[in-house]
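Counted the way UniProt numbering counts, the sequence shown spans residues 1 to 109.
Positions of the beta carbon are idealized from the N, C-alpha and C atoms, including for glycine.
Keep in mind it's a predicted model, so treat the numbers as computed, not measured.
Reading through the structure tokens given below for one structure.
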Amino acid sequence: MALETDNLITRDEQSRRHSSRHAVTARQNAGKGQHRNVPSPPAPSGLSVEAILVLACVTVSLIVLPLVLPPLPPPPAMLLLVPVCLLLLLAALATFVPSDIKSLASSYM
């Protein structure tokens, strides 16, 4: 019986030591900002290198292509009405569609 009690005490002490070591390690890692399963946050810069390269290529093409390509004839008059019609449609939707969600939901019920 005494032997079993000694075994239980040593197991209990070992588990306490292990948990206290784990807690100390966790506190140290938390102080350093290191976590095992948590990914590191992205860099605080606004644009990535790839985004800057894409923007540079678009800028160069907007500068160079009008100098290289011949001038184009004007579009047909009907094609010029497309952006005007889109503008009128968006203005009508913004004016006449209710913005209150409750009234919008109650009209469908």
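Of the choices P76, S61 and P75, whose alpha-carbon is the least far from that of L69? Against the sequence shown, residue 69 aligns to sequence position 69. Nearest option by C-alpha distance: S61.
Would you identify the three-state DSSP class for L3, choosing helix, strand or coil? Taking the sequence shown and counting its residues from 1, one reaches residue 3 at position 3. At L3 the pLDDT is 49, less than 50, meaning the model places this residue with poor confidence; the figure from the coordinates comes in the next sentence. L3: helix per DSSP, three-state reduction.
Start and end residues, alpha helix (DSSP H) containing V84: On the sequence shown, residue 84 is found 84 positions in, with the first residue counted as 1. Where V84 is concerned, the enclosing alpha helix (DSSP H) stretches over A77 to F96.
So, helix, strand or coil for L8, using DSSP? Locating residue 8 in the sequence shown gives position 8, counting from the first residue. In this prediction, L8 has a pLDDT of 49, which is less than 50 and means its spatial position is unreliable; what the coordinates show is noted afterwards. Reduced to three states, the DSSP call for L8 is helix.
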